[in-house]
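Same order as they appear, the protein sequences are chains A and B.
All residue numbers for the first sequence refer to this note's numbering, where the first residue is 1 and numbers rise by one.
All residue numbers for the second sequence refer to this note's numbering, where the first residue is 1001 and numbers rise by one.
Beta carbons are placed, not taken as given, at the ideal position from N, Cα and C, and that holds for glycine.
Have a look at the structure below before the remarks.
There are 2 protein chains.
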Amino acid sequence: MKYVLILIAMVSAGLAQDELATLAQQRGLKPIPKEMLAAAKKAQASPLVQLGKMLYFEPRLSRSGLISCNTCHNLGLGGTDGVAAAIGHKWAANPHHLNSPTVYNAVFNSKQFWDGRSPNLEDQATGPIQAGPEMAMPAELAVERIQSIPEYRDLFQKAFPEEKEALTFLNIGKAIAAFEETLITPSDFDAYLIGKSDALSEQEKKGLDLFVSKGCTTCHNGPGIGGSMMMKFPLIKPYKFADLGDFKGDANGLTKVPTLRNIEETAPYFHNGAVWSLNEAVKIMGETQLGIDLQEAEVEAMVSFLKALTGEKPDVRYPTLPPSSKSTPRPDPS
Amino acid sequence: MKYVLILIAMVSAGLAQDELATLAQQRGLKPIPKEMLAAAKKAQASPLVQLGKMLYFEPRLSRSGLISCNTCHNLGLGGTDGVAAAIGHKWAANPHHLNSPTVYNAVFNSKQFWDGRSPNLEDQATGPIQAGPEMAMPAELAVERIQSIPEYRDLFQKAFPEEKEALTFLNIGKAIAAFEETLITPSDFDAYLIGKSDALSEQEKKGLDLFVSKGCTTCHNGPGIGGSMMMKFPLIKPYKFADLGDFKGDANGLTKVPTLRNIEETAPYFHNGAVWSLNEAVKIMGETQLGIDLQEAEVEAMVSFLKALTGEKPDVRYPTLPPSSKSTPRPDPS
């Protein structure tokens, strides 16, 4: 604690910029690797990613023909839908009152879904397509719809040139995942971590220092600033909105630690979307996970830091989707 | 008829290309004006159009926070939703079983909506936002939501620099309309009309010739290839799917003639979306509006021509929407 106070004093005096960045990295906060950004940018024009982008925006992958990945993971809204619990096919609310996690930087998650049941993006992508309260589309029908559209047959062949049968449900997931892997968002915080010491304001640095010193980095770490582990929630004190929804975590009762990148854009918060204010969310995290009562000024500073995690979004040209053919199974919104 | 036969013979012989283009123009088929295309391209970067694009993709303009203009007028799907009757707030189907018309080239419509009740795009845009079965958003609440987002306040000021109170419901409509005015899609047919005689294949020219000679241009004319008038439907013989929905047309029982641009991409067809096959739609039009029984080969040729109306879509970068603030009224999907 003494060390922290000294550090805050040093930061306030503008002396410890490099030390704070170094400390943050030592505590596990990592910038988005430059090579990954370059690779993502390069991949954008590839046949696989272009196809994945089309499928990401493709409402015909849903039974109704109206819901796409982008409906709940809206690239314009921080990669989420902005409602507490996801709404899907026939306006069904998520049966466990689960909040849609952001797709941005989801590539950094070691597991996908709140209960971590999926090991990677390509597996994850095939879940909501089939889930009854989401896109409600049987896998065979999804393939049949896409297969019935001649342009898609060509595009799959180009995206998976080695495969004789390129248009499969697994490859739909692979293509969507390849697009999602390009959705990474470097922020001012990344610039700061890699040496641009004035990329964060004094208030943001104060927040970063608190974020590190209070112990948030125990769970929110890595290039995703989260997403790297499963954790008990609540851990120390009860979560006051625990009765909203019936989510019980994974087999061990653990919940995935979400990324904090773009958190400013992804209210409401927590797995059940119970909390709309980022300040309140930070305060609750202090209580439930760290057993501390954060002061208002501390919360303000930490929120300032969290807002510095809002990143630059990749350019996404809205795709033109190929028309259905005579043999395309019709959408079924009923 | 004799003239037509001669013309067909001439087209088949590859002799009458210029004459056919001239005839088409004489019968009222017009290319998209070059100046309009240039203006649309130029306008894309303007503060007004950029704001309009954001609002077009803005689901927070709906009560639920989940439905945007783009939900039913999907820029990836020919500017439509691909279902028979529009689905809106809480999964309500359009109460009159009306099909969502395309937003592409809607600027060429002399009136908006199937019953032509709206005089222009800026007026039209404010309708579905408020309509109960569509976005279900009271105008005041729409303004309150947008007003609560600081970035939007700035963007409205920049888009409407002359106005003291820039953020109004009318200006929301104006901005959306300004974006929609840029959604025009030049096609091979335009290239043909303005002198590129090989821009259409022989089969497409045969279809164009039939389109002109059979009388389709009586209603489907102008740069929108439709959209310029209200017409009785059915006119001569009954429409076999007339019992689907209860649409009765305008005060005079007339229905808006839709644009045929991008018609390949906008199934299902007619005001009630009853017909999924473009071939069948053409055949029905022949019967109901012209009282003629088109032969299969004629229908095929006309459909080939209609597919040459599929145009190049403008580049639309998916917008990043500004985050809600503490005072933003919450979405209400319930």
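Do you know whose CA, among the options, lies nearest residue i's CA?
| i | options | result |
| --- | --- | --- |
| ASN171 (chain A) | A:LEU155, A:PRO186, A:LEU183, A:THR80 | A:LEU155 |
| ARG1145 (chain B) | B:THR1168, B:GLN1295, B:PHE1189 | B:THR1168 |
| LEU1075 (chain B) | A:ARG330, A:LYS326, A:TYR318 | A:TYR318 |
| ASN262 (chain A) | A:LYS205, A:PRO59, A:GLY249, A:GLY226 | A:GLY226 |
| ASP1081 (chain B) | B:TYR1269, B:SER1187, B:VAL1316, B:PRO1323 | B:TYR1269 |
| SER100 (chain A) | A:THR259, A:GLU287, A:GLU300, A:GLU312 | A:THR259 |
| LEU48 (chain A) | A:GLU181, A:ASN105, A:ALA139 | A:GLU181 |
| LEU1306 (chain B) | B:PRO1314, B:PHE1189, B:LEU1235, B:GLN1295 | B:PHE1189 |
| GLN130 (chain A) | A:PRO150, A:ARG60, A:GLY215 | A:ARG60 |
| MET1285 (chain B) | B:PRO1234, B:SER1304, B:GLN1044 | B:PRO1234 |
| ASP1246 (chain B) | B:HIS1073, B:ASP1115, B:ILE1292 | B:ASP1115 |
| PHE1241 (chain B) | B:ALA1267, B:ALA1281, B:ASP1293, B:MET1036 | B:ALA1281 |
| GLY79 (chain A) | A:ALA297, A:ILE32, A:THR102, A:LEU200 | A:THR102 |
Considering only residues of the same chain and omitting the five flanking positions on each side of residue i, which have a CB-CB separation below 8 Å?
| i | result |
| --- | --- |
| ASN369 (chain A) | Outside the displayed span of chain A (1 to 334) sits residue 369 (chain A), for which this structure offers no information. |
| GLY163 (chain A) | Per the sequence shown, the amino acid found at residue 163 (chain A) is Glu instead of Gly. Result list for GLU163 (chain A): ASN171, in chain order. |
| LYS53 (chain A) | PHE179, VAL316, PRO319 |
| GLY1014 (chain B) | Legend: pLDDT at GLY1014 (chain B) = 48, less than 50; position of this residue unreliable, value from coordinates given subsequently. Here the set comprises GLU1202. |
| THR1217 (chain B) | ALA1024, ARG1027, GLY1028, LEU1029, PHE1211 |
| PRO314 (chain A) | ALA40, LYS41, GLN44, THR182, LEU183, ILE184, THR185 |
Residues in the same chain with beta-carbon distance under 7 Å from residue i, minus the five sequence neighbours each way, listed in chain order, please.
| i | result |
| --- | --- |
| GLU122 (chain A) | GLY173, LYS174, ALA177 |
| VAL1212 (chain B) | LEU1023, ALA1024, ARG1027 |
| LYS232 (chain A) | GLY253, LEU254 |
| ARG1063 (chain B) | HIS1089, MET1135, ALA1136, MET1137, ASP1332 |
| ASP18 (chain A) | SER197 |
| GLY1224 (chain B) | ASN1105, PHE1108, ASN1109, THR1259, ARG1261 |
From the DSSP output, in three-state form, read off residue i for me.
| i | result |
| --- | --- |
| MET10 (chain A) | Legend: pLDDT at MET10 (chain A) = 46, less than 50; position of this residue unreliable, value from coordinates given subsequently. Helix. |
| GLN289 (chain A) | helix |
| VAL1004 (chain B) | Interpretation of VAL1004 (chain B) is limited by its pLDDT of 47, a score under 50 that renders its predicted location unreliable; the figure taken from the coordinates is listed afterwards. Helix at VAL1004 (chain B). |
| GLU134 (chain A) | coil |
| ILE1087 (chain B) | strand |
| GLN1044 (chain B) | coil |
| GLY341 (chain A) | Outside the shown range of chain A, which is 1 to 334, sits residue 341 (chain A), and nothing can be said about it. |
| ARG317 (chain A) | strand |
| GLY173 (chain A) | helix |
| SER325 (chain A) | coil |
| SER213 (chain A) | helix |
| LEU37 (chain A) | helix |
| GLY311 (chain A) | strand |
| SER187 (chain A) | strand |
| SER118 (chain A) | strand |
| LEU1208 (chain B) | helix |
| GLN1147 (chain B) | helix |
| GLN1050 (chain B) | helix |
| ARG1153 (chain B) | helix |
| ALA166 (chain A) | coil |
| ALA1142 (chain B) | helix |
| LYS248 (chain A) | coil |
| ASP1243 (chain B) | coil |
With which residues is residue i paired in a DSSP beta bridge?
| i | result |
| --- | --- |
| VAL275 (chain A) | A:TYR269 |
| LEU1029 (chain B) | B:GLY1222 |
| LYS232 (chain A) | A:LEU254 |
| ASN74 (chain A) | A:THR80 |
| GLY1127 (chain B) | DSSP, once it has assigned bridges, lists no residue as partnering GLY1127 (chain B). |
| ALA1093 (chain B) | B:ILE1087 |
| GLN112 (chain A) | A:SER118 |
Starting from the C-beta of residue i, find all residues in its chain whose C-beta is less than 6 Å away, skip the five residues before and the five after it, and write them out in chain order.
| i | result |
| --- | --- |
| LEU1244 (chain B) | HIS1097, ASN1272, ALA1274 |
| SER327 (chain A) | SER148 |
| GLU1134 (chain B) | GLY1088, PRO1128 |
| ARG330 (chain A) | none |
| CYS1069 (chain B) | TYR1056 |
| GLN124 (chain A) | GLN112, SER118 |
| CYS1219 (chain B) | MET1231, VAL1257 |
| LEU51 (chain A) | LEU155, ALA159, ALA175 |
Taking only heavy atoms of the ligand FAD into account, decide whether any of them is closer than 8 Å to the Cβ of residue i.
| i | result |
| --- | --- |
| ASN171 (chain A) | The model on display carries no ligand, and the ligand FAD is accordingly not part of it. |
Using a Cβ cut-off of 7 Å, which residues of the stretch 1295 to 1325 of chain B contact any Cβ in chain A, in chain order?
-> LYS1313, ASP1315, VAL1316, ARG1317, TYR1318, PRO1319, THR1320, LEU1321, PRO1323, SER1324
Anything in the stretch 266 to 281 of chain A with a Cβ closer than 7 Å to a Cβ of chain B? List those residues in chain order, please.
-> ALA267, TRP276, SER277
Pull out every residue of the stretch 1167 to 1191 of chain B whose Cβ sits closer than 9 Å to any Cβ of chain A, in chain order.
-> none
Check distances from the C-beta atoms of the stretch 65 to 82 of chain A to those of chain B and list, in chain order, the residues that come in under 8 Å.
-> Listed by position, the residues of the stretch 65 to 82 of chain A near chain B (Cβ gap below 8 Å) are GLY65, LEU66, THR71, ASN74, LEU75, GLY76, LEU77, GLY78, ASP81, GLY82.
If you measure beta-carbon to beta-carbon, which residues of the stretch 1047 to 1063 of chain B are closer than 9 Å to chain A?
-> MET1054, PHE1057, GLU1058, PRO1059, ARG1060
With 7 Å as the C-beta to C-beta threshold (strictly closer), list the residues of the stretch 84 to 105 of chain A near chain B in chain order.
-> ILE87, LYS90, TRP91
Residues of the stretch 1137 to 1171 of chain B with a CB closer than 7 Å to any CB of chain A: list them in chain order, please.
-> Using a CB distance below 7 Å, no part of the stretch 1137 to 1171 of chain B faces chain A.
Chain B contacts made by the stretch 105 to 131 of chain A, where a contact means CB separation under 9 Å | Listed in sequence order: no entries.
Any residues in the stretch 1230 to 1264 of chain B with a beta carbon nearer than 8 Å to a beta carbon of chain A? Which ones, in chain order?
-> Under the 8 Å Cβ criterion, the stretch 1230 to 1264 of chain B contributes GLU1264.
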